[in-house]
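Just so we're aligned, residue 68 is where the sequence shown starts under this note's numbering, counting upward by one.
Report on one structure; see the data block that follows.
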Amino acid sequence: MQNFSRFSKIRIHSKIEIMESTVAKINLEHFRSNLKFIRSKMALGAKMCVAVKADAYGHGAVECAKVAVASGADFLAIARVSEGRELREAGIKSNLLLLSLCLPEEMDELVSLNITPLVFDEAYIELVSNAAKRAKKDGYPVHLAVDTGMGRIGCLPQEAGEIAQKIVSCGLHFGGICTHFSVSDSKKEKDESYTRLQFERFLFAIEEVRSKGIEPGIRHCAASAATLLRPEMHLDMCRPGIICYGYYPGDLSGSELKPVMSLVTRVSSIRVLPAGSCVSYGRTWKAEKDTRIAILPVGYADGLLRRHADSSVLILGKTYPIRGRICMDQCMIEIGDDKIERWSEAVIFGWENGGQSAQMLADRAHTISYEITCAIGKRVPRIFVDGK
Ligand SMILES: *Cc1c(COP(=O)(O)O)cnc(C)c1O
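See the structure below:
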């Protein structure tokens with residue numbers, strides 16, 4: 068744990084966690100710096116809604132939400148009522164925007180937690196309205212979701228006026244209107260024109276709402292990619308997610324963002340396997356000669372998935388290949404004749420010791436950085452490191 072000495076403040080959840088061999092170190096300084104960079108890209112006066120859904124993409128929702136609010140986030144985006152409950156129980160009073168739909172059974176709790184839902188159909192609007200009436204909350208705010216081409220939640224653009232009237236006639240407050248892009252992280256011409264088409268449809272939906280004499284409130288459509296690439300689409304609010312955690316989405320790249328998470332473990336054993344030995348389930352890898360193998364106590368239950376078997380691990384600044392299949396709780400790496408000691412720290416990915424980015428792991432496994440950090444298991448303690 069020698070790397071802690073660089074930081075003046077360490078926050079650790081409990082005494083047990085520092086004793087764990089595999090931990091996710093969360094650099095809140097990097098998170099804060101990413102938020103500052105994002106803000107610098109946004110129009111003055113535009114609001115920022117930081118996505119902290121899915122436990123802040125695996126980074127720890129409460130800690131990240133606190134930093135986001137202190138850094139000036141106007142909204143926090145969540146995907147489950149239970150995520151809102153966790154934030155409220157931690158004393159977070161910020162506006163919460165629910166990006167997915169909840170069940171009728173959750174509606175009373177949604178209202179009691181003051182979570183702003185996305186709505187787009189009459190039956191669901193009535194559920195929210197009835198819950199607000201039961202709680203005696205007049206003018207409860209909702210945002211209208213418009214499907215401009217994502218094919219997920221939202222009404223069609225031409226329905227927006229009528230649905231807006233339904234919202235208002237139910238006694239709810241029309242707090243905002245939003246849409247979500249499906250290919251805004253692509254720089255291909257056909258994708259850029261699709262994003263422009265989605266944006267045009269969104270502007271049309273906003274006019275439909277206005278034509279009914281209803282103010283559209285906060286208009287928002289830009290997630291991470293459009294926040295960085297398309298300032299003309301920021302409108303009244305941006306909803307960045309992945310860029311807050313230090314990764315560029317899709318075709319974007321740059322050097323300003325800093326990865327927030329490091330997944331680190333410690334060598335639990337070093338063995339010399341005789342030539343001809345096989346390693347791990349399925350015997351997919353065989354030692355051609357006598358081979359030094361280090362055992363790492365990290366596996367797919369921690370989020371180092373089986374499909375990352377072609378990846379490598381960093382020890383003292385050098386990378387070593389994973390050999391054989393990744394098991395649930397352990398994996399093996401080949402370390403040659405290098406002077407590596409038992410209990411040495413090994414970096415799977417992250418900011419520590421110049422570790423490879425989770426982006427590299429993602430590229431190699433044909434997935435996206437989002438999936439890498441979201442997959443980090445529940446048993447991996449998040450250790451919050453903060454220079455402030
Ligand atoms: C998850 C999500 C976001 C954030 O997406 P990123 O690509 O991580 O920026 C924004 N808006 C909606 C509706 C989302 O579901």
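Idealized CB from N, CA, C, for every residue including glycine.
All values reported here derive from a predicted model rather than from experimental measurement.
In the displayed model, Leu428 falls within a helix according to three-state DSSP. Non-local C-beta neighbours of Gly125 in its own chain, meaning closer than 6 angstroms and more than five positions away in sequence, comprise Thr440, Cys441, Ile443, ordered along the chain. Using a Cβ distance threshold of 7 angstroms, Val380 and Ile415 count as a contacting pair.
When the beta-carbon positions are compared, Cys116 and Leu164 come within less than 7 angstroms of each other. In chain order, Lys120, Ala128 place their CB closer than 7 angstroms to the CB of Glu150, counting only its own chain and leaving out the 5 sequence neighbours on each side. Ligand 1 never approaches Gly313 closely enough for any of its heavy atoms to be under 6 angstroms from the residue's Cβ.
For the pair Ser329 and Pro307, the CB atoms are not nearer than the 7 angstroms cut-off. Residues Phe451 of the same chain have their beta carbon placed closer than 6 angstroms to that of Glu130, with the five preceding and five following residues left out of the count.
With a contact defined as Cβ atoms closer than 8 angstroms, Phe248 and Met217 qualify at about 7 angstroms. By the neighbour-count definition (other C-beta atoms within 10 Å, threshold 16), Gln225 is an exposed residue. According to the DSSP assignment, Phe269 belongs to no beta strand (DSSP E) but to the alpha helix (DSSP H) extending over 256-278. By DSSP's assignment, Tyr387 forms a beta bridge with Val380. In the pairwise beta carbon analysis, the stretch 353-365 is classified as touching the stretch 395-402: at least three pairs are separated by under 8 angstroms. Within the stretch 191-243, the complete alpha helix (DSSP H) segments at least 4 residues long are 227-236, listed from N- to C-terminus.
Counting along the chain, Met328 sits inside the beta strand (DSSP E) bounded by residues 328-333. Straight-line spacing of the CA atoms in Ile220 and Cys169 works out to 12 angstroms. Look at Lys120 here: in three-state DSSP terms it is helix.
Collapsing the DSSP output to three states places Ala157 in coil.
Under the DSSP assignment, Phe98 falls in the alpha helix (DSSP H) whose first and last residues are 95-108.
Here Leu194 is near Pro171, since their CB atoms are less than 7 angstroms apart. With a cutoff of 7 angstroms on beta-carbon distance, Pro326 and Ser424 are scored as near each other. Arg392 sits in coil when the DSSP states are folded into three classes, being neither helix nor strand.
Nearest to Asp141 by alpha-carbon distance, out of Leu295, Glu408, Met304, Arg449, is Met304.
A straight-line Cα-Cα distance of about 14 angstroms links Ser138 and Met109. C-alpha of Gly317 to C-alpha of Asn94: approximately 23 angstroms in a straight line.
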